[in-house]
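Counting from 155, one number per residue, gives the positions in the sequence shown under the working numbering. Where a beta carbon is used, it is the ideal one built from N, C-alpha and C, also for glycine. Every value quoted in this text rests on a predicted model; they were computed, and no experiment measured them. Scroll down for the structure; my scribbles are underneath it.
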Amino acid sequence: MQTCRMPRNPSYWESELPPEAAPAALPARVDVLVVGAGFMGRWLAYFLGKRANPPSVLVLERDRYTYGASSRNAGFLTCGQAGEMLADAAEVGLDAVLETLRLRRHGIALVRREMPGLELDECGSTDYDPVTQAIRELLPRLNEAAGDNIYSIREACLAGHTRPAVFNRADAGVHPVRLLKALQQGSPARYAFGAAVRSVADGCAVLTDGREVRYGRAFACVNAFASELDASSPVVPGRGQVIVTSPVSTRTDRTLGYMHAGYDYFRFVDGRLLIGGGRHLHRQAETTSELEGTAQLLAYLRSAAVRVLGHGDFSVDYHWAGIMGFVGGRHLGGSPRRRVDASTEQVAGFGGMGVALAPVYAQQIAAEF
Ligand SMILES: Cc1cc2nc3c(=O)[nH]c(=O)nc-3n(C[C@H](O)[C@H](O)[C@H](O)COP(=O)(O)OP(=O)(O)OC[C@H]3O[C@@H](n4cnc5c(N)ncnc54)[C@H](O)[C@@H]3O)c2cc1C
């Protein structure tokens, strides 16, 4: 295992972020050790810092940014898209889907409440898949679970063509790296970057350079890399690829957008189109923790961008990959919390939903202290 897996293509968000410095020294013992400085690790450190008697917290991150999903995602602060939830309901049942929607809605409320200074793009989201009868019947159930009529059908414009589409007025876009930074700055926890953990169990973490840190409780928030620390972890990696174009003009609505049951997604950032997806077409190749983008997916995303914009008058300025973790390899239905031993737990495997779900689990765990 390497201490820092750079270089790789920076995401659009990471390009404004200087690498963090490596720490000179580590404490010999802490109350709580967090491994991984993605959303899960940082939200956990944040909420632990809000306790009446906050425990001492150390966050160990092997990268100088984050290496995985949190600084490389699309930044959709969303409680779910109708077509995707319909497909999930067929697989895991409607109750599980509605419960996840409730959790994500709570997570969005937590982001808004805890990070009032964070700028969000309050644009809502549009699902451009055809509005079928099954979708029409699902919407009242989604609104009931959400506790508000956030889903509705309205006219939406894609590449100059207007059609009825499901709109979610509560969804927003977030700058993931600014959220990561705000979490770190809002917490008294100590962060150590460039600190790779080789093992974490039975009250002691051993780093790849041989240093040791003892702990009262530890949480391995390592997402797709969970099996590197616990061979029996059910978390399976899945790569997602994203492009950002040059600044563009278009008649497409400037909301968050979904196509193909949520597998493809896009939004507008600083006048550019960000578009990701295509995993469903290359499932085997994308079941990997390698952070390299591929020419195949680049070509797919470029043509998807032409469909969204209605023209090809742009360049691809950024192309990057991020790594998700899926419990049991499935999109939905498995718990991310997993006990390793009496003092050690893994919290990993939020799939494509961690922006909203991580704060919920972090708040839940911190309440146990
Ligand atoms: C392309 C893409 C688009 C996405 N879009 C969205 C979206 O729009 N909305 C949404 O809700 N979700 C989205 N997701 C999913 C979301 O990004 C993740 O669910 C979330 O970031 C997971 O956070 P995490 O902290 O669990 O994991 P990560 O962000 O992967 O963090 C885990 C960290 O652990 C560190 N680590 C691993 N092993 C070790 C070790 N041994 N020692 C020290 N450190 C270690 C890694 O370096 C990494 O930084 C997307 C994901 C991808 C890949």
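query, result
"Proximity below 8 Å, CB of residue 281 to CB of residue 340", "no"
"Nearest candidate by alpha-carbon position, reference residue 351, set 517, 180 and 189", "189"
"Check whether residue 215 and residue 191 have beta carbons under 8 Å apart", "yes"
"Proximity of residue 278 and residue 321 at Cβ, strictly below 8 Å", "yes"
"Delimiting residues of the alpha helix (DSSP H) encompassing residue 235", "No alpha helix (DSSP H) contains residue 235, which DSSP labels as neither H nor E."
"Residue 424, DSSP secondary structure in three states", "coil"
"Limits of the unbroken beta strand (DSSP E) element including residue 411", "410–413"
"Euclidean distance between Cα positions of residue 273 and residue 179", "35 Å"
"For residue 523, three-class secondary structure by DSSP", "coil"
"Element boundaries [beta strand (DSSP E), containing residue 281]", "279–281"
"Residue 458 versus residue 429: straight-line alpha-carbon distance, rounded", "8 Å"
"Identity of the residue in 332, 338 and 501 nearest residue 170 by Cα", "332"
"Classification of residue 501 by the beta-carbon crowding that lies within 10 angstroms, buried from 16 upward", "buried"
"Outcome for residue 493 when other beta-carbon atoms lying within 10 angstroms are tallied against a minimum of 16", "exposed"
"Cβ-based burial, residue 330 [other Cβ within 10 Å; buried from 16]", "buried"
"Of the residues 304, 199, 420 and 221, the one placed nearest residue 460, counting alpha carbons only", "420"
"Segment contact, 8 Å Cβ cut-off, at least three pairs: the stretch 350–370 with the stretch 441–460", "no"
"Cut-off 6 Å between Cβ atoms - residues of its own chain near residue 475, not counting five sequence neighbours on either side", "393, 395, 445 and 447"
"8 Å Cβ cutoff met for residue 521 and residue 197", "no"
"Contacting residues, own chain, Cβ-Cβ under 8 Å from residue 489 (five flanking each side not counted)", "481"
"Closer than 7 Å: residue 221 CB and nearest ligand 1 heavy atom", "yes"
"Classification of residue 343 by the beta-carbon crowding that lies within 10 angstroms, buried from 16 upward", "buried"
"Residue 205, buried or exposed, once every other Cβ within 10 Å from all chains shown has been counted against 16", "exposed"
"Environment of residue 437 [buried if 16+ CB atoms lie within 10 Å]", "exposed"
"Integer-rounded CB distance, given that residue 300 should sit under 8 Å from residue 233", "7 Å"
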